[in-house]
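Residue numbers (our numbering): 989 to 2061. We put the CB at the ideal spot given by N, CA and C, even for glycine. Here the structure is a predicted model, which is why all the values come from computation and not from measurement. Report on one structure; see the data block that follows.
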């Protein structure tokens, strides 16, 4: 039909439908367009009566939805006539012809296509008009439902139309590009598509971004920065302290999309509170030694940060003790005196401290004479307590008052305007007999200062304010020497004695808005626990059990709060992410339509200042966020493990892993994920990722849920989500190298963490699913993809070496442990020379001389050989095994008759308390003489109260919360330590044997072959109900808890154990009589 006839036909059709006053607007291949100044009427005339127009109707039905469009028109009416014509009606607007399309035009157009889940197949410029500079599509007949492939092809077409508008064969070119992005004209398509997806993220985050307004705080001084010129915020914080300004506020507004596809702002407002001057004349003196080398930088920054408001110090000084080895309560073998000095020197250069003092031992004699009127060349007391270096530090402070603090103190501030220094000084001014004021602890209530009578308290050596002149005037202080010419008393115990005889005093108490907590040395053996508790104190996330205590209370698990228990938890572990990338990540996250989620942000010791920005950025969403700030760098897989096992309490939470330098594409991502879990009952998903460093028409990462260990498994790709109980079911050693036999010594995998947990999660999953659309913006430096390739390959190899898991390995609630029948612990005696509190062999509360004979050991060896039992490890312990009169003979049999003749690969571990010189000498002899024997010197002790012990005598059967416990599930001891053997026979674990010794059920099996799986479970069921380990490992579902993560030991003897010990000891006494 000729165009003139089509126009006449179309106009008549409209008139037949009562539409008059029409003006011809234009035409296309099939459509004729009219308007009446209010509406546009487009008539689609089929080329023949039999032509199928269903595809056109399908395209147009998108626009019948009542939505707001920028680039499209809402169709008010869509009519298909009896003759097969299609009439569409939409709003008329004055417009201009499109002569060219800019990159901005098509990015905005494609953004709306993505948002509306529409793809336009025919997108040449003739199909658009421009209304008030806005590009609008008028040929909506060629729209189809969105999928990633069609959308990327539409991006390619528009890219070609825009960049090659005058190409002589543009139609051929764009058709050549269908699913073929390798043609030279599309060389920069990847860069363009990155811009498209970045703009989608920005547009989808608009509601949150536009709500940002600057609201300056009263009395704050503000500076304005942009993200481009933003300095390192941590360094800025400490530099501003020197200007008497304390950084308290960061506010962001006017976020824009940058040329590098990140979120930037020119309006980043940093607010400072003006600090009060040091009118009191106070030095902050921080005391440290070479043992603190690994944490001293973070310790000092923490102390200075927490104490520098609202009043400045005259100076901040560090005094370094001269000792380089053999420390009091030593917690590390990695002390480094020279490195400590280097770090502290850098703190001075960075304006964090003013100066430092390196103590010279040549001053010992003079110090001891001046302070105690005693001739001695020693710097430490008879108990190895530092004296001379601290007193030398006091002498070298130039101020009237000295706020002296150990470098390990953990300081909390409920109110940064609380003038704690004035509070303390006031007490010294009011009472001339006060020598020192102890820094307050975490009290539940504020208390008036007390201790003015009878000398008050011992001066608070860990943390307290000293009146220097008064202290110096009291010299010489009382002291004495031991037989070796070493001072018997520390300076503070000496001063305490002097206070009691002179009327002077040291007091405690005060306002609880400012406080400190002292970490025990056992917590410092692994720095992560200590430093993460420090972070919790800074953020005032403190467990109630800490109230009214000096020393750090509770377990590491107790300190890991706030715990997330939402239906969905977002986990992001990062280090040194840029501000621009973090803002992109953050606003893509908080703009989500699904809102029942919590967030764990895990900063792995960033040193670019990003943590300060994050702290203030998240304030308006603080109830949803757990911010964790490592102060020492850890392996990422360890951070993931800690985050999910310690900070996430709901095993049914959907865990969503998002890197902080990436972003979610669109605001419905989490809603889509949640709906898949809800309606498809899945337990894990992986997403589809847009990689900024490559582009393909077809998605290149299909997943293989059946064979996730293959190279093409791809189940580790973003966006990774899974039910927490799947992660919890992965044995922790799957995240570590198996090179070390002792679980506490195994190293975490350095990289490829996504392989390490997603492969076993996929294997255990019953209902995995891959999301339908690209939903994750993944940015990395492609040129660095092969960095550390050797380590990556090693980590992947280690992951693939682990035993595959199955859905049967999924554990809900407490884990059921099986005994490791390839390892055995042999209690050769229950006699002990230390009798530790909480001993799980009851050596102190139920002492016994009972021991195995050499014949018993020979029989064990022979039985092992007869049963072809090649033990991986034999643990020799007690009691104290060096007390056994035949210990060398026992070890000879194990080495000569078993290891040398039958099982040369066996590890024989010898566990002694090493308390006496004789015990240590025996250990040395055993180690030298027997090649298969290793001495566990980590078990050496100097006292019978061990901080990291669990209260063994706290029987779970006495606790109503364990009423329905499955005691046959045991705990990690069974799987890691193996079965047990003592004088009474073989047991499911050695602790079971120790319990049976007291209870007297005589359930030990006389022969190894009798210790069947059923018998082992029977032992667990019978004896674990009495075991405090079963109870106190409940927070980890029975899993191993490192020593540094345990609560400080307090002996608990529950009613059942009180009766058992009473009965046992009566029986023993009667037997002896």
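Inset, instruction - Compute the Euclidean distance between the alpha carbons of residue 1199 and residue 1566, then round it to the nearest angstrom. - result: What you label residue 1199 is simply residue 211 of the chain shown in a count that begins at 1. What you label residue 1566 is simply residue 578 of the chain shown in a count that begins at 1. Computed Cα separation, rounded: 23 angstroms.
Inset, instruction - Could you tell me which residues DSSP pairs with residue 994 in its beta bridges? - result: To locate residue 994, count along the chain shown from 1; it is residue 6. None; residue 994 has no bridge partner.
Legend entry - Residues of its chain near residue 1191, where Cβ-Cβ distance is below 6 angstroms and the 5 sequence neighbours each way are ignored: Position 203 of the chain shown, counted from the first residue, corresponds to residue 1191. Here the set comprises 1099.
Inset, instruction - Check each candidate in 1944, 1733 and 1999 and name the one with the smallest Cα separation from residue 2011. - result: Mapped onto the chain shown, residue 2011 falls at position 1023. Of the listed residues, the one whose Cα sits closest to residue 2011 is 1944.
Inset, instruction - Give me the Cα-Cα distance between residue 1062 and residue 1550, rounded to the nearest whole angstrom. - result: For the purposes of this step, residue 1062 is taken as the residue at position 74 of the chain shown. For the purposes of this step, residue 1550 is taken as the residue at position 562 of the chain shown. About 47 angstroms.
Inset, instruction - Return the chain-ordered list of same chain residues with a C-beta closer than 8 angstroms to the C-beta of residue 1455, the five sequence neighbours on each side being excluded. - result: For the purposes of this step, residue 1455 is taken as the residue at position 467 of the chain shown. Taken in chain order, the residues that qualify are 1388, 1389, 1416, 1422, 1423 and 1424.
Legend entry - Inter-stretch contact (C-beta, 8 angstroms, three-pair minimum) for the region 1771-1786 and the region 1938-1954: Taking 8 angstroms as the limit for Cβ pairs, the verdict is that the region 1938-1954 does not touch the region 1771-1786.
Legend entry - Secondary structure, beta strand (DSSP E): runs of 3+ residues fully inside the region 1327-1388: 1343-1346
Legend entry - Between the CA atoms of residue 1053 and residue 1027 - distance to the nearest angstrom: In the chain shown, the residue the question calls residue 1027 occupies position 39. In the chain shown, the residue the question calls residue 1053 occupies position 65. Distance between the alpha carbons of residue 1027 and residue 1053: 18 angstroms.
Inset, instruction - For the region 1831-1842 and the region 2022-2038, state whether three or more C-beta atom pairs, one from each stretch, are separated by less than 8 angstroms. - result: Taking 8 angstroms as the limit for Cβ pairs, the verdict is that the region 2022-2038 does not touch the region 1831-1842.
Inset, instruction - Give me the Cα-Cα distance between residue 1106 and residue 1576, rounded to the nearest whole angstrom. - result: One-based indexing of the chain shown puts residue 1106 at position 118. One-based indexing of the chain shown puts residue 1576 at position 588. Roughly 21 angstroms separates the two Cα atoms.
Inset, instruction - Determine, using beta-carbon pairs with one atom in the region 1022-1036 and one in the region 998-1010, whether at least three such pairs fall under 8 angstroms. - result: yes
Legend entry - The alpha helix (DSSP H) enclosing residue 1601, as first and last residue numbers: Locating residue 1601 in the chain shown gives position 613, counting from the first residue. 1598-1605 is the span of the alpha helix (DSSP H), which, as asked, contains residue 1601.
Legend entry - From 1743, 1742, 1446 and 1763, residue whose alpha carbon lies closest to that of residue 1573: One-based indexing of the chain shown puts residue 1573 at position 585. Out of 1743, 1742, 1446 and 1763, 1763 has the C-alpha closest to the C-alpha of residue 1573.
Legend entry - Nonlocal neighbours in the same chain, by C-beta distance under 7 angstroms from residue 1436, ignoring five residues either side: Counting from 1 along the chain shown, the entry for residue 1436 is found at position 448. Here the set comprises 1497.
Legend entry - residue 1585 vs residue 1558 beta-carbon contact at 7 angstroms: Residue 1585 sits at position 597 when you count from the first residue of the chain shown. Residue 1558 sits at position 570 when you count from the first residue of the chain shown. In contact: residue 1585 and residue 1558 (Cβ atoms closer than 7 angstroms).
Legend entry - Contact between the region 1440-1459 and the region 1334-1347 (3+ Cβ pairs under 8 angstroms): no
Inset, instruction - List in chain order: all unbroken alpha helix (DSSP H) runs of 4+ residues lying wholly within the region 1702-1726. - result: 1712-1716
Legend entry - Residue burial classification, residue 2050 (beta-carbon count within 10 angstroms, cutoff 16): The residue you call residue 2050 lines up with position 1062 of the chain shown. With fewer than 16 Cβ atoms within 10 Å of its Cβ, residue 2050 is classed as exposed.
Inset, instruction - Note down, one range per segment and in chain order, each beta strand (DSSP E) of at least 3 residues found wholly within the region 1198-1260. - result: 1208-1213 and 1233-1245
Legend entry - Which listed residue (1495, 1472, 1471 and 1466) has its alpha carbon closest to that of residue 1483: Residue numbering aside, residue 1483 sits at position 495 when the chain shown is read from its first letter. With distances taken between Cα atoms, residue 1483 lies closest to 1466.
Legend entry - Entirely enclosed beta strand (DSSP E) segments - the region 1651-1698, minimum 3 residues: 1672-1679
Inset, instruction - State the beta-bridge partners of residue 1526 as determined by DSSP. - result: The sequence position of residue 1526 within the chain shown is 538, counting from 1. According to DSSP, which records beta bridges pairwise, residue 1526 is partnered with nothing at all.
Inset, instruction - Can you say whether residue 1361 is buried or exposed, counting buried as having 16 or more other CB atoms within 10 angstroms of its CB? - result: Along the chain shown, read from residue 1 onward, the residue named residue 1361 stands at position 373. The residue is exposed, with fewer than 16 neighbouring Cβ atoms inside 10 Å.
Legend entry - Backbone secondary structure at residue 1982 - three-state DSSP: As a working note, residue 1982 is residue 994 in the chain shown. Here residue 1982 sits in helix by DSSP.
Legend entry - alpha helix (DSSP H) segment containing residue 1279, residue limits: Here residue 1279 is taken as the residue at index 291 of the chain shown, counted from 1. It is not in any alpha helix (DSSP H) - residue 1279 carries neither H nor E in the DSSP assignment.
Inset, instruction - For residue 1745, name the three-state secondary structure that DSSP assigns. - result: Position 757 of the chain shown, counting from 1, holds the residue named residue 1745. DSSP places residue 1745 in helix when its eight states are reduced to three.
Inset, instruction - Starting from residue 1096, follow the alpha helix (DSSP H) in both directions and report where the run begins and ends. - result: Counting from 1 along the chain shown, the entry for residue 1096 is found at position 108. Residue 1096 -> alpha helix (DSSP H) spans 1091-1104.
Legend entry - Exposure of residue 1619, with buried meaning 16 or more beta-carbon neighbours within 10 Å: Along the chain shown, read from residue 1 onward, the residue named residue 1619 stands at position 631. That one is buried.
Legend entry - Residue interval of the alpha helix (DSSP H) (run including residue 1895): As a working mapping, residue 1895 is identified with position 907 in the chain shown. Looking at the DSSP string, residue 1895 is not in any alpha helix (DSSP H); the run it does join, the beta strand (DSSP E), is 1895-1898.
Inset, instruction - Assign residue 1696 to one of two classes, buried (16 or more other C-beta atoms within 10 Å of its C-beta) or exposed (fewer than that). - result: Start at 1 with the first residue of the chain shown, and residue 1696 comes out as number 708. Classification for residue 1696: buried.
Legend entry - In chain order, each alpha helix (DSSP H) run of at least 4 residues that lies wholly inside the region 1529-1572: 1544-1547
Legend entry - residue 1631 to residue 1433 span [Cα, whole Å]: Stepping through the chain shown from its first residue, residue 1631 is reached at position 643. Stepping through the chain shown from its first residue, residue 1433 is reached at position 445. So the two alpha carbons sit approximately 32 angstroms from each other.
Inset, instruction - Check residue 1133 in the structure and name its three-state DSSP category. - result: Indexing the chain shown from 1 puts residue 1133 at position 145. The answer is strand: DSSP assigns residue 1133 an E or B state.
Legend entry - Close beta carbons around residue 1379, own chain, < 7 angstroms, minus the five adjacent residues each side: Here residue 1379 refers to the residue found at position 391 when the chain shown is read from its first residue. Correct list, in chain order: 1355, 1359 and 1479.
Legend entry - Spatial distance of residue 1722 from residue 1810 (CA atoms): In the chain shown, counting from the first residue as 1, residue 1722 sits at position 734. In the chain shown, counting from the first residue as 1, residue 1810 sits at position 822. C-alpha separation (whole angstroms): 19 angstroms.
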